[in-house]
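In this note's numbering, the protein residues as written are 4 to 203.
Cβ atoms here follow ideal geometry from the backbone N, Cα and C, with glycine treated the same way.
Bear in mind that the values here come from a model prediction, so they are computed numbers and not experimental data.
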């Protein structure tokens, strides 16, 4: 068993040094290649791609041992297609600056929504699509793409993918909710000012 320790150390060293996690314009890509734990059995290559339009949650965790070394566990949850679980997860351990990575994901996702909103001027048949609204989560300041229960009819080009229409509809729904909250705040302020003026 002790003779196997150098092999295991070599495999872990190659595993850690070969990890690549980067954000492209449309997806989060994670690549790793490591030798097999059984000597001379080749190299295992793992590549995971998560489209930015399907990301529903970004989670940053730090355990006790990780806090000593200043590293974090970074998890990206996305909508799963063709799997039993409704949520697919990409988990990467050993991220030293997770806030920068989260910022990059949010920036690229917002660029996608801006591109879709500027190119979404083509009128076409209206279809029912599930909306994804971009809303900040109170815990850890992460970003959540949530799916509301109601669907919204919206016009879109038949050439535009349904994912792009989902993001555009979600952005519209998010803006409407923000306007609704602002109107309620204004109504409360006006009522308070009327109440204070009637008392004086």
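From the DSSP output, read off the bridge partner residues of residue i.
| i | result |
| --- | --- |
| residue 23 | 34 |
| residue 54 | 30 |
| residue 47 | 37 |
| residue 64 | 76 |
Our contact map puts residue i next to residue j with C-beta atoms below 8 Å; I'd like the distance itself, whole angstroms only.
| i | j | result |
| --- | --- | --- |
| residue 40 | residue 14 | 6 Å |
| residue 17 | residue 37 | 5 Å |
| residue 75 | residue 92 | That pair is no contact at about 15 Å. |
| residue 73 | residue 99 | 6 Å |
| residue 95 | residue 7 | Not quite, the Cβ-Cβ distance comes to about 26 Å (not below 8 Å), so this is no contact. |
| residue 35 | residue 22 | 5 Å |
For residue i, is the classification buried or exposed, using 16 other Cβ atoms within 10 angstroms of its Cβ as the cut-off for buried?
| i | result |
| --- | --- |
| residue 43 | exposed |
| residue 101 | buried |
| residue 71 | exposed |
| residue 116 | buried |
| residue 5 | exposed |
| residue 192 | exposed |
| residue 1 | The chain is shown from 4 up to 203; residue 1 falls before or after that span and cannot be answered. |
| residue 61 | buried |
| residue 141 | Only weak support exists for where residue 141 lies, its pLDDT of 36 falling under 50; the value from the coordinates is given anyway. Counting Cβ neighbours within 10 Å, residue 141 comes out exposed, since fewer than 16 surround it. |
| residue 55 | buried |
| residue 190 | exposed |
| residue 50 | exposed |
| residue 31 | buried |
| residue 180 | exposed |
| residue 80 | buried |
| residue 82 | buried |
| residue 119 | buried |
| residue 112 | buried |
Could you check whether the Cβ of residue i sits closer than 8 Å to any Cβ belonging to chain D?
| i | result |
| --- | --- |
| residue 41 | Absence of chain D from the displayed structure is noted, only one protein chain being present. |
State yes or no: is the C-beta of residue i nearer than 7 Å to some heavy atom of the ligand ADP?
| i | result |
| --- | --- |
| residue 36 | With respect to the ligand ADP, the structure offers nothing, as it holds no ligand at all. |
Please list the segments of the beta strand (DSSP E) lying wholly inside the segment 67–102, counting only runs of 3 or more residues, in order along the chain.
-> 75–82, 90–98
Inset, instruction - Kindly confirm or deny that the segment 104–113 and the segment 11–29 touch, where touching means at least three C-beta pairs closer than 8 Å. - result: yes
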